[in-house]
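S.K.:
Residue numbers (this note's numbering): 112 to 338.
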């Protein structure tokens, strides 16, 4: 009885560890939902930035609010900024995280050839998020929680199947994608840098394992039909 389950013990330990880590990260992320959805807490730096350069600085293209924090600190259009924490690139379309009025954002500013460090506080967005954004974030979080549940069921109950282990790995990798409510800090920077890269690797390896498993199944099926 025990010898049949022993080959999958290491996989189940790995699966349990990844599931626990994913649940902790998800709960931590959802706990900061107000920074994205509450108009009184959701913050903005009121600036549109250009692409990130090789030196990790971005040009200021325009200001998007009437009294942006960076402008109050002396920044002008054409100046360049570099955030202390690269996860704070909230003004880059499709990247960064939700900022809040209850935090301070550190950055370096290059203006007229001089570099200085600034600590600015985001101002309140003041408006409710469009319903399509709220709905999109809700669906994204729900899909990640459902994916975690499916990964646990499939990966644990079908640990003997390479294809099911690969599918569980892919769903765990997907869970790390698109976390918008994360707080700032060094830990989140490392998660953005290494966690998302690891998620892409897990999804890629999972897809490769699924493909290999499908080829093996087809070969066995073909061999059985011609025998």
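By construction, the Cβ of each residue, glycine as well, lies at the ideal position given by its N, Cα and C atoms.
1) Helix, strand or coil for residue 120, going by three-state DSSP, please let me know.
2) Would the region 147-158 and the region 228-245 be scored as touching if the rule is three or more Cβ pairs under 8 Å?
3) Are the beta-carbon atoms of residue 259 and residue 130 separated by less than 8 Å?
4) For residue 183 and residue 161, what's the separation of their Cα atoms in angstroms?
5) Using 10 angstroms around the beta-carbon of residue 169, count the other beta-carbons present and answer buried if the total reaches 16, otherwise exposed.
6) Between the alpha carbons of residue 255 and residue 223, how many angstroms are there, rounded?
7) Measure the beta-carbon distance from residue 280 to residue 316 and round it to whole angstroms, keeping in mind my assumption that it falls under 8 Å.
8) Rounded C-beta distance between residue 152 and residue 211? I'm assuming under 8 Å.
9) Check residue 168 in the structure and name its three-state DSSP category.
10) Tell me where the alpha helix (DSSP H) around residue 265 begins and ends.
M.R.: Well, looking at it:
1) Walking along the chain shown from the start, residue 120 turns up at place 9. Secondary structure at residue 120: helix, using DSSP grouped into helix, strand and coil.
2) Contact annotation: the region 147-158 touches the region 228-245, with at least three C-beta pairs closer than 8 Å.
3) As a position in the chain shown, residue 259 is number 148, starting the count at 1. As a position in the chain shown, residue 130 is number 19, starting the count at 1. Result yes, Cβ atoms of residue 259 and residue 130 sit closer than 8 Å.
4) Counted from its first residue, the chain shown places residue 183 at position 72. Counted from its first residue, the chain shown places residue 161 at position 50. Residue 161 has its alpha-carbon roughly 20 Å from the corresponding atom of residue 183.
5) Here residue 169 is taken as the residue at index 58 of the chain shown, counted from 1. Label assigned to residue 169: buried.
6) Walking along the chain shown from the start, residue 255 turns up at place 144. Walking along the chain shown from the start, residue 223 turns up at place 112. Their Cα atoms are separated by approximately 46 Å.
7) Taking the chain shown and counting its residues from 1, the one referred to as residue 280 is at position 169. Taking the chain shown and counting its residues from 1, the one referred to as residue 316 is at position 205. The Cβ separation is near 7 Å, so the contact holds.
8) As a first step, residue 152 is located in the chain shown; it is residue number 41 there, counting from the start. As a first step, residue 211 is located in the chain shown; it is residue number 100 there, counting from the start. About 5 Å; that satisfies the 8 Å criterion.
9) Residue mapping note: residue 168 aligns to position 57 of the chain shown, counting from 1. Here residue 168 sits in coil by DSSP.
10) Locating residue 265 in the chain shown gives position 154, where the first residue counts as 1. For residue 265, the enclosing alpha helix (DSSP H) covers residues 242-268.
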